[in-house]
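To start, the structure itself, in structure tokens.
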Amino acid sequence: MFTAQAKYHIGQVVRHRKHPFRGVIFDVDPRFANTEEWYDAIPEEARPAKEQPFYHLLAENDQSYYVAYVSEQNLLPDETGEPVGHPDLPDLFGDFEDGRYPLQFQLN
């Protein structure tokens with residue numbers, strides 16, 4: 001039986017280890033739960049292991065806002081102390097406080 005404990009939590013601000021974006025976690029999969037097509041589009045030498053938590057992020061970079069799906073191995077805590085500007089944040093979370101967003105919407 002596979003068991004995993006997520007390192008990061010819902011409402012936490014994180015950044016990608018390799019790519020220039022950051023975001024707020026709004027859901028966690030205990031292991032890879034996206035499509036094989038999505039996974040196969042990642043260059044083989046950069047593909048993360050499937051047997052680890054994957055995080056859904058309300059993400060932002062210098063050009064846009066989007067939803068990202070990122071493996072735990074590719075995330076780091078965001079240490080800037082700055083809020084994220086994603087326009088969908090108020091739909092799920094309260095105001096940025098103490099470096100995190102409190103969940104205001106109950107997920108299934």
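Here the sequence shown is numbered in UniProt numbering, starting from 1 and rising by one per residue.
Cβ atoms here follow ideal geometry from the backbone N, Cα and C, with glycine treated the same way.
In this structure, P87 lies away from G94, with their beta-carbon atoms at least 7 Å apart. Going by DSSP, P77 is part of no alpha helix (DSSP H) but of the beta strand (DSSP E) stretching over 75 to 77.
Assignment of E51 by DSSP, reduced to helix, strand and coil, places it in the coil class. Counting the other Cβ atoms within 10 Å of the Cβ of L92 gives 16 or more, which makes it buried. Along the length of the segment 10 to 60, whole beta strand (DSSP E) runs at least 3 residues long occupy 13 to 16, 22 to 29, 54 to 60, reported in chain order.
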